[in-house]
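**Student:**
Residue numbers (my numbering): -8 to 620.
#1: For residue 614, write down the residues that DSSP places opposite it in a beta bridge.
#2: From what residue to what residue does the beta strand (DSSP E) around residue 468 run?
#3: Which residue comes first and which comes last in the beta strand (DSSP E) that contains residue 320?
#4: Could you work out which residue in 380, 436, 210, 458 is closest to residue 448 when comparing CA atoms only?
#5: Let me check understanding here. Comparing Cα to Cα, which of 299, 269, 491 lies closest to residue 285?
#6: Where do the N-terminal and C-terminal ends of the alpha helix (DSSP H) with residue 213 fall, by residue?
#7: Is it buried or exposed for residue 363, if we count other Cβ within 10 angstroms and need 16 for buried?
#8: Between the Cα of residue 616 and the Cα atoms of 582, 583, 570, which residue gives the shortest distance?
#9: Beta strand (DSSP E) containing residue 91: first to last residue?
#10: Is residue 618 close to chain D? Criterion is C-beta to C-beta, closer than 9 Å.
#11: If we call anything under 9 Å between Cβ atoms a contact, is residue 394 one with residue 335?
#12: With distance defined between alpha-carbon atoms, name the residue in 40, 68, 42, 29 nearest to residue 56.
#13: Does DSSP put residue 217 in a helix, in a strand, or in coil?
#14: So which of 409, 311, 503 has the shortest CA-CA distance to residue 300?
#15: With burial defined as no fewer than 16 other Cβ atoms inside 10 Å of the residue's Cβ, what is the status of residue 484: buried or exposed?
#16: Please classify residue 104: does DSSP put it in a helix, a strand, or coil?
#17: Between the Cα of residue 490 and those of 469, 388, 520, 500, spot the shortest distance and give me the residue it belongs to.
#18: Helix, strand or coil for residue 376, going by three-state DSSP, please let me know.
#19: What does the Cβ neighbour count give for residue 407, buried or exposed, with the cut at 16 atoms within 10 Å?
#20: Does the Cβ-Cβ distance between residue 36 and residue 45 come in under 9 Å?
#21: Compare the C-alpha of residue 698 against each of 282, 266, 377 and name the closest.
#22: Give me the DSSP bridge partner(s) of residue 590.
#23: Could you pull the start and end residues of the beta strand (DSSP E) that residue 229 belongs to?
#24: Mind reading off the beta-carbon distance from residue 431 to residue 152? Whole number of angstroms is fine, and I expect it under 8 Å.
#25: Rounded C-beta distance between residue 48 and residue 356? I'm assuming under 8 Å.
#26: Any idea what DSSP makes of residue 351, helix, strand or coil?
#27: In whole angstroms, give me the CA-to-CA distance for residue 444 and residue 618.
#28: Buried or exposed: where does residue 26 fall if 16 or more other Cβ atoms within 10 Å of its Cβ makes it buried?
#29: Roughly how many whole angstroms lie between the Cα atoms of residue 507 and residue 573?
#30: Using the three-state DSSP reduction, which class does residue 451 fall into: helix, strand or coil?
#31: Quick one: what's residue 386 bridged to in DSSP?
#32: Are there 16 or more other CB atoms within 10 angstroms of the CB of residue 331, so buried, or fewer, so exposed?
#33: Out of curiosity, what's the CA-to-CA distance linking residue 216 and residue 150?
#34: Can residue 315 and residue 176 be called in contact, C-beta distance under 9 Å?
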């Protein structure tokens, strides 16, 4: 048994809660006991002159909390007194500050926090910590091993955020993360609207905002190979999906609601509630049905997963979620719905994480597990928006190695910026953690039916942001897995990223795992046709299975003459067969080679471009990308 050191004397220092620079307390998150009516809550608020009159829109069953709006910006000492006043009411379970910044984003702790044990033997240590701090152990978290849900109320030694800090600072646990209430950054055939869909086929017409012809994903060509398999399921983690939309209904599967009210259907309060419906339409709006728009993978299925909704409680309309809602939605999609792909047009910028003191350990744990064990052990490809600011870095969790970060391109094959060819004045995040880019400007897609959503009809002709780019790329990933659903996440990701087009005139002068890379567009702009062709070529090739076999191409890129360098002479392989293909799958080289020495290869008579070398031995099959320039 580990020795448990009492740290309670330090609590007054650790738990002094002061807003970070650039933030202030705008409201108080209050949980009332079950059964306390709105009228009773209103009576309590009427006794506190520091609060605005309570309205019904401030009571959220989704969070099991009421948001009390303060009348002015009070100093920290006054906030402490207000919270202490609230705690004196028998009806109040807890009262925690809700911080906001200049842009209207906010964050504050609810009652729960999550603790991950270093081993199952540490449960008794956690029990003693809970007793010492007067917090309650509610239950084990369903999806993550050795993770427990605890609760801090007004009688605990601090609120949930403070308690998580206390548990974490003890260094006796893997992590401790509070359940935060917070805003998100949402990064917003014969079908009659197909002519508008430049991302699928860009002809540079006026209805497509006069873009550059062929600055598209070549989706029309990809459809000659696959339009998507009905057995491939794409989870859209967002504000919900209009399950009655005429262009979506045939491709929808049962959904999930992290707030347990609508099973994936959005609220109808604000036009922004149509966000998830727009994302779903980009991926899999039905095709060849003489209705509306068409999705990239229009025969695949959509799983609606609602993890946030819009509120104007502090002024501007903002998407609100919680730490647990995001993790629950992701885990449900991976393990209950068994999603093949996840599309996530949301995230948290680093400045908000710092300002509001978010701890991402719990969310990161869920991402890692889905990446490693989802899809029955093959791993789930998870696409995330890079962000809608022109910052040279991507937002969380697109910055995580388990995710695919997607930036936005214009209809002229540029990184979206305020100075590009489009009429839209915003910019896409990019930078060192960026993976790939996709069309994200004035995308035509489905919208909520009727006057709900962004437009007054059932379709949105100008859905913008990395919110649009992410589902475009997710649709291409769905096409890849439609070619072969057995691809592991690493192989599917390699196909997606190594088949991109190097557009925009940027310097693709860095070499990463899947080829040359630029700070602006990552591996480049996604190309669906290249991707599905390569997916066909790679059937049976899963390099993750061949851990002891390796070769390299030097130099790469090259002018046609290069050396094949064998890294594992000691394997003493008897057979080795080298094949080199174009992106179209046409063979240009086939030779049985010796594995006891490096090999000189001459492709100088072949056109410049991208080729793939496939080496097959009795140990397995691996491939490398070759660039002739």
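Built from N, CA and C at the ideal position, the CB exists for glycine as well. Since we're looking at a predicted model, the values are computed, not measured.
**Tutor:** For this structure:
#1: In the chain shown, residue 614 corresponds to position 623, counting from 1. DSSP lists 605 as partners of residue 614.
#2: The residue labelled residue 468 in the question sits at position 477 within the chain shown. Not the beta strand (DSSP E): residue 468 falls in the alpha helix (DSSP H), residues 457 to 474.
#3: Within the chain shown, residue 320 is the residue found at index 329, counting from 1. Looking at the DSSP string, residue 320 is not in any beta strand (DSSP E); the run it does join, the alpha helix (DSSP H), is 314 to 322.
#4: Residue mapping note: residue 448 aligns to position 457 of the chain shown, counting from 1. Among 380, 436, 210, 458, the Cα nearest to that of residue 448 belongs to 436.
#5: Against the chain shown, residue 285 aligns to sequence position 294. Among 299, 269, 491, the Cα nearest to that of residue 285 belongs to 269.
#6: Along the chain shown, one-based indexing puts residue 213 at 222. Per DSSP, residue 213 belongs to the alpha helix (DSSP H) from 210 to 213.
#7: Within the chain shown, numbered from 1, the residue matching residue 363 stands at position 372. By the neighbour-count rule (16 or more Cβ atoms within 10 Å), residue 363 is not buried but exposed.
#8: Reading the chain shown from its first residue, position 625 is the one you call residue 616. Looking at the Cα atoms, 570 is the closest of the given residues.
#9: Within the chain shown, residue 91 is the residue found at index 100, counting from 1. Counting along the chain, the beta strand (DSSP E) containing residue 91 begins and ends at 83 to 92.
#10: As a matter of chain content, chain D is missing from the structure shown, which is built from one protein chain.
#11: The count along the chain shown starts at 1 and reaches residue 394 at position 403. The count along the chain shown starts at 1 and reaches residue 335 at position 344. Yes.
#12: For the purposes of this step, residue 56 is taken as residue 65 along the chain shown, with counting starting at 1. The residue with the shortest Cα to Cα distance from residue 56 is 29.
#13: Locating residue 217 in the chain shown gives position 226, where the first residue counts as 1. Three-state DSSP puts residue 217 in coil, outside helix and strand.
#14: Taking the first residue of the chain shown as 1, we reach residue 300 at position 309. The residue with the shortest Cα to Cα distance from residue 300 is 311.
#15: The residue you call residue 484 lines up with position 493 of the chain shown. Classification of residue 484: buried, given that the 10 Å Cβ count is 16 or more.
#16: Position 113 of the chain shown, counting from 1, holds the residue named residue 104. Reduced to three states, the DSSP call for residue 104 is strand.
#17: Taking the chain shown and counting its residues from 1, one reaches residue 490 at position 499. Checked all of 469, 388, 520, 500; the closest Cα to residue 490 is 520.
#18: Taking the first residue of the chain shown as 1, we reach residue 376 at position 385. In this structure, residue 376 counts as strand in the three-state DSSP scheme.
#19: Here the question's residue 407 lines up with position 416 in the chain shown. With 16 or more other Cβ atoms within 10 Å, it is buried.
#20: Counting from one through the chain shown, the residue named residue 36 turns up at place 45. Counting from one through the chain shown, the residue named residue 45 turns up at place 54. Yes, Cβ-Cβ distance for residue 36 and residue 45 is below 9 Å.
#21: This structure does not reach residue 698, given that the chain is present from -8 up to 620, and the question cannot be answered.
#22: Start at 1 with the first residue of the chain shown, and residue 590 comes out as number 599. BP columns for residue 590 point to 555.
#23: The residue given as residue 229 occupies position 238 in the chain shown. It spans 224 to 229 - the beta strand (DSSP E) in which residue 229 sits, taken as one unbroken run.
#24: The residue given as residue 431 occupies position 440 in the chain shown. The residue given as residue 152 occupies position 161 in the chain shown. About 34 Å; that fails the 8 Å criterion.
#25: Counting from one through the chain shown, the residue named residue 48 turns up at place 57. Counting from one through the chain shown, the residue named residue 356 turns up at place 365. 34 Å between Cβ atoms; not a contact.
#26: Against the chain shown, residue 351 aligns to sequence position 360. Residue 351 falls in the coil class under three-state DSSP.
#27: Here residue 444 refers to the residue found at position 453 when the chain shown is read from its first residue. Here residue 618 refers to the residue found at position 627 when the chain shown is read from its first residue. Taking the straight line from one Cα to the other gives about 45 Å.
#28: In the chain shown, the residue the question calls residue 26 occupies position 35. It is exposed - the Cβ of residue 26 has fewer than 16 other Cβ atoms within 10 Å.
#29: For the purposes of this step, residue 507 is taken as residue 516 along the chain shown, with counting starting at 1. For the purposes of this step, residue 573 is taken as residue 582 along the chain shown, with counting starting at 1. Distance between the alpha carbons of residue 507 and residue 573: 17 Å.
#30: Position 460 of the chain shown, counting from 1, holds the residue named residue 451. Three-state result, residue 451: strand.
#31: Position 395 of the chain shown, counted from the first residue, corresponds to residue 386. DSSP lists no partner for residue 386.
#32: Taking the first residue of the chain shown as 1, we reach residue 331 at position 340. Residue 331 should be labelled buried.
#33: The sequence position of residue 216 within the chain shown is 225, counting from 1. The sequence position of residue 150 within the chain shown is 159, counting from 1. So the alpha carbons of these two residues sit roughly 56 Å apart.
#34: Counting from one through the chain shown, the residue named residue 315 turns up at place 324. Counting from one through the chain shown, the residue named residue 176 turns up at place 185. Not in contact: residue 315 and residue 176 (Cβ atoms no closer than 9 Å).
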